Amino acid sequence: MVTGAPEPIAALNRIRIVENHEPLVDLRVVCPHIVVLARARPFVRVRVAEMLNTVPPRLPHGLRLRISTALRTIDDQRRHWDSFYHHMRAEHPEWPLSALHRATDRFFAPYDQPAPPGHCTGAAVDVQIIDANGAPLDMVSPLSGWEAAPTDVAGLSEQAAANRRLLVQSMLEAGFSNCRDEYWHYSYGDSAWAVRTGRRECCYGLVKPPPLSALGGQC
């Protein structure tokens with residue numbers, strides 16, 4: 601299972617953003633067969649929601665797609681980036697700043713570059729598959745933590761590998777691209793999607809999030 605492509609910051613910044621001004625929609629309303637965690641800002645672009653709605657029919661009976669992260673503000677992204685950076689610095693005090701930045705950028709897109717993070721454009725979602733009891737399928741055993749994050753990581757159990765393949769194939773068949781460093785992260789229409797799929801332009805740039813209290817179709 602080979603997915604994704606390298607996403608160097610320089611390549612992301614070369615992507616031309618041709619914003620199509622597609623509105624955000626509320627996943628809680630337009631994707632009724634998908635579970636959205638309460639902590640998530642439940643908004644994505646219209647086309648992204650349409651693509652997500654094609655995923656549940658691809659899953660075996662009793663399984664559901666769950667979204668843990670959708671839209672983020674730039675401030676959200678900054679907090680995530682800074683937190684992971686300080687975590688890496690504590691774990692690797694001997695690393696130079698350049699190495700710490702590269703390690704952090706691998707899992708959290710920088711918030712201060714011309715190419716906005718995918719979650720800040722309404723293009724990206726972090727997803728899991730859950731069973732009928734709401735428990736996420738195992739996609740990491742016997743690994744744990746960030747060592748299990750790369751989509752094509754070696755050493756997974758047979759069951760974890762099969763569950764991961766189901767997630768990846770279902771999302772790719774729906775039209776998303778996968779971040780190869782995070783098996784759970786998928787996007788369509790952002791700069792990273794363009795880099796992964798060999799395009800020079802993307803259709804989604806930075807978008808202003810609606811208030812968390814918003815509930816309805818288009819926002």
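Read left to right, the sequence shown gives residues 601 to 819 (this note's numbering). For every residue, glycine included, the Cβ atom is placed at its ideal position computed from N, Cα and C. The structure presented is a predicted model; accordingly, all values stated were derived computationally and were not measured.
| Asked | Found |
| --- | --- |
| Inter-residue spacing [alpha-carbon to alpha-carbon] between Val-636 and Val-625 | 13 Å |
| Whole-angstrom distance between Phe-707 and Val-602, CA atom to CA atom | Reliability fails at Val-602, whose pLDDT of 49 lies under 50, so the model's placement of it is uncertain and no value is given. |
| Host alpha helix (DSSP H) of Tyr-711 (start-end) | Element bounds for Tyr-711: n/a, residue is neither H nor E. |
| Met-688 versus Val-644: straight-line alpha-carbon distance, rounded | 30 Å |
| Phe-684: first and last residue of the uninterrupted alpha helix (DSSP H) it sits in | 674 to 691 |
| Limits of the unbroken beta strand (DSSP E) element including Arg-799 | Per DSSP, Arg-799 belongs to no beta strand (DSSP E) and is neither H nor E. |
| Identity of the residue in Ile-674, Pro-810, Ser-787 nearest Asp-712 by Cα | Ile-674 |
| Ala-760 vs Ser-741 beta-carbon contact at 8 Å | yes |
| Selected residue, minimal CA-CA separation from Pro-608, among Asp-781, Gly-734, Ile-730, Ala-670 | Asp-781 |
| CB-CB length for Pro-642 against Arg-628, believed under 8 Å | 5 Å |
| Among Ala-732, Ala-774, Cys-720, Glu-691, the one whose alpha carbon lies nearest that of Pro-660 | Ala-732 |
| Bridge partner(s) assigned by DSSP for Gln-728 | Arg-666 |
| Proximity test, Leu-665 beta-carbon vs the ligand ATP heavy atom, cut-off 7 Å | Only the bare structure without any ligand can be found here, which leaves the ligand ATP out of the picture. |
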